[in-house]
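Asks: Counting along the sequence shown from 1, when you hit position 144 you're at 190 in my numbering, and nothing is skipped either side. Next up is a structure, given as structure tokens.
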Amino acid sequence: SSPTARDREDHFDVRADHNLGPADDLAFRYSFADRALYEPFTGPQFAAIPGFGDNVPRRAQNAMASETHAFAPNLLNELRLGFDRVSAGVYQEDLGRDGNAAVSLPRASANPRDTGLSLINITGFSPLGDEYNNPQHSATTVYQVTDSITAARGRHLLKAGFDLRWLRQNAWRDVLAMGYLDFLGVTGNALEELLLGIPSVTGVARADNAQHLRTESQYAFVEDAWRVRPGLTLSAGLRYEYNAPPVDAFDRANVYDPATQSLVRVGANVIPRGGFQPDRNNWAPRIGFAWNPGRKGTLLRAGYGIYYDQGSLATGEGLYFNAPYYVSKLYYSFAQYPLSLSDPFPSNYPLALPSTALAFQRDLRSAYAQQWNVSVQREVGRGRTVEVAYAGSK
Numbered sequence: 047s048s049p050t051a052r053d054r055e056d057h058f059d060v061r062a063d064h065n066l067g068p069a070d071d072l073a074f075r076y077s078f079a080d081r082a083l084y085e086p087f088t089g090p091q092f093a094a095i096p097g098f099g100d101n102v103p104r105r106a107q108n109a110m111a112s113e114t115h116a117f118a119p120n121l122l123n124e125l126r127l128g129f130d131r132v133s134a135g136v137y138q139e140d141l142g143r144d145g146n147a148a149v150s151l152p153r154a155s156a157n158p159r160d161t162g163l164s165l166i167n168i169t170g171f172s173p174l175g176d177e178y179n180n181p182q183h184s185a186t187t188v189y190q191v192t193d194s195i196t197a198a199r200g201r202h203l204l205k206a207g208f209d210l211r212w213l214r215q216n217a218w219r220d221v222l223a224m225g226y227l228d229f230l231g232v233t234g235n236a237l238e239e240l241l242l243g244i245p246s247v248t249g250v251a252r253a254d255n256a257q258h259l260r261t262e263s264q265y266a267f268v269e270d271a272w273r274v275r276p277g278l279t280l281s282a283g284l285r286y287e288y289n290a291p292p293v294d295a296f297d298r299a300n301v302y303d304p305a306t307q308s309l310v311r312v313g314a315n316v317i318p319r320g321g322f323q324p325d326r327n328n329w330a331p332r333i334g335f336a337w338n339p340g341r342k343g344t345l346l347r348a349g350y351g352i353y354y355d356q357g358s359l360a361t362g363e364g365l366y367f368n369a370p371y372y373v374s375k376l377y378y379s380f381a382q383y384p385l386s387l388s389d390p391f392p393s394n395y396p397l398a399l400p401s402t403a404l405a406f407q408r409d410l411r412s413a414y415a416q417q418w419n420v421s422v423q424r425e426v427g428r429g430r431t432v433e434v435a436y437a438g439s440k
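This is how it looks when you write it as structure tokens:
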């Protein structure tokens, strides 16, 4: 099959600059982007036939206001205020149509947005049904204040500043809410099992885990570029980064506590609100130099730095996938209790199913990378340059 994909994008930018006087400039910018994407196929492990694609709407807005002030010819300050909001969703193509009822399968979820057909996997054939990670939607907002000051003093160019951010995300993600049925061919023929209505394995989740994530970030830096002599410049800096563990605005989340082997509400007993302790040790040094060793047309450069990951909200979503707000169940057929299409997600399943549980490493550290490089650049004849460089990371 070769269905038609559709993708529409609209965007615009507005900017205004205003000069307040010889030493002050104001600037304002607003950017807007709107996208409507239809994907006929949702992924290689999902349905390869038409009818089970998804719609991916996305709207992004960004605004910035800045004020630049020259205190003196060699002293400049820039203040910026920022706002960023991204609203995005992924919805099944057949949203609003009860695909399960059309083939006499029971609804896996009573939520009206979880309509469609449960994903049906048949070994050796294309799956049928909707991707089980959908539907989902999130709206993420960031407020930001930054300030940096630059000063030129003799052979030194000094710069320092800070960056403060407040992040909030409201979302819902109905992962596995429509369920799935697997016909694995344990009898030798998966299609035969489908026609007999005997799935090998089924799974479904009950999701009542609306996300209300809140966090903040604080960054500060100082750096100096020192021209030691005409052919040698040294640069050094230090940056500090702190990303607070994301928390639920209402502490409506549980995490697994290995000490008690049970689910414990966040913010209670020894469980932090975000599930793990803050990492306040994120120091990032930077150092480098550029040197002309005295030979005309030769330049040697080198640098080293530590860089921290700033994915502040991704880890926090782990708060929302524990009971009783999110319960995932897995069922399998056995001789005394074969599953059936009339009741693929049985409420009276005779075996005790272990609960799923998600835990955080209590002293979880921020991810970081070390990067370094060295290069030699040399002029060769008129208008030609040769460079040899080495770069590494860890």
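We treat Cβ as the ideally placed atom computed from N, Cα and C, and that holds for glycine. From a predicted model like this one, the values you see are computed outputs, not experimental measurements.
Quick one: what's residue 174 bridged to in DSSP?
Replies: Partner(s): 166.
Asks: State yes or no: is the C-beta of residue 377 within less than 8 Å of the C-beta of residue 387?
Replies: It is not a contact, given that the beta carbons lie outside the stated cut-off.
Asks: Take every Cβ of the stretch 183 to 197, pair it with every Cβ of the stretch 115 to 132, and state whether three or more of those distances are shorter than 8 Å.
Replies: Yes, the stretch 183 to 197 is in contact with the stretch 115 to 132.
Asks: Buried or exposed, going by whether 16 or more other CB atoms sit within 10 Å of the CB of residue 227?
Replies: Residue 227 should be labelled buried.
Asks: Looking only at C-alpha atoms, which of 410, 236 and 418 sits nearest to residue 332?
Replies: Looking at the Cα atoms, 418 is the closest of the given residues.
Asks: Between the Cα of residue 140 and the Cα atoms of 125, 107, 390 and 180, which residue gives the shortest distance?
Replies: Among 125, 107, 390 and 180, the Cα nearest to that of residue 140 is on 180.
Asks: Could you tell me the distance, in whole angstroms, from the CA atom of residue 214 to the CA atom of residue 109?
Replies: If you take the alpha carbons of residue 214 and residue 109, they lie about 17 Å apart.
Asks: To the nearest angstrom, how far is the alpha carbon of residue 70 from that of residue 204?
Replies: One C-alpha to the other measures close to 21 Å.
Asks: Just confirm the distance between the C-beta atoms of residue 321 and residue 370, as a whole number of angstroms; I'd bet it's less than 8 Å.
Replies: Incorrect: roughly 17 Å between the Cβ atoms, too far for contact.
Asks: Just verifying my parser: in three-state terms, what is the DSSP assignment at residue 361?
Replies: Note: residue 361 maps to helix in three-state DSSP.
Asks: Any idea what DSSP makes of residue 355, helix, strand or coil?
Replies: If DSSP states are grouped into helix, strand and coil, residue 355 belongs with coil.
Asks: For the alpha helix (DSSP H) that contains residue 239, what are its first and last residues?
Replies: Where residue 239 is concerned, the enclosing alpha helix (DSSP H) stretches over 236 to 242.
Asks: Count Cβ pairs between the stretch 389 to 400 and the stretch 148 to 162 that sit closer than 8 Å; are there 3 or more?
Replies: In short, these stretches touch, since the Cβ pair count reaches three.
Asks: Identify, in the order they occur along the chain, each residue of the same chain with its Cβ nearer than 6 Å to the Cβ of residue 247, setting aside the five sequence neighbours on each side.
Replies: 228 and 378.
Asks: On the CB-based measure, 16 or more other CB atoms within 10 Å of its CB, does residue 394 come out buried or exposed?
Replies: Residue 394 should be labelled exposed.
Asks: Work out the CA separation of residue 356 and residue 224 for me, nearest whole Å.
Replies: Roughly 33 Å between the two C-alpha positions.
Asks: For residue 56, collect the residues of the same chain with a Cβ closer than 7 Å to its Cβ; drop the 5 residues on either side in sequence, then sort them by chain order.
Replies: Closer than 7 Å at the Cβ level, and outside the excluded window around residue 56, lie 80.
Asks: Is it buried or exposed, residue 306, if we count other Cβ atoms within 10 angstroms and call 16 or more buried?
Replies: Exposed, since its Cβ has fewer than 16 Cβ neighbours within 10 Å.
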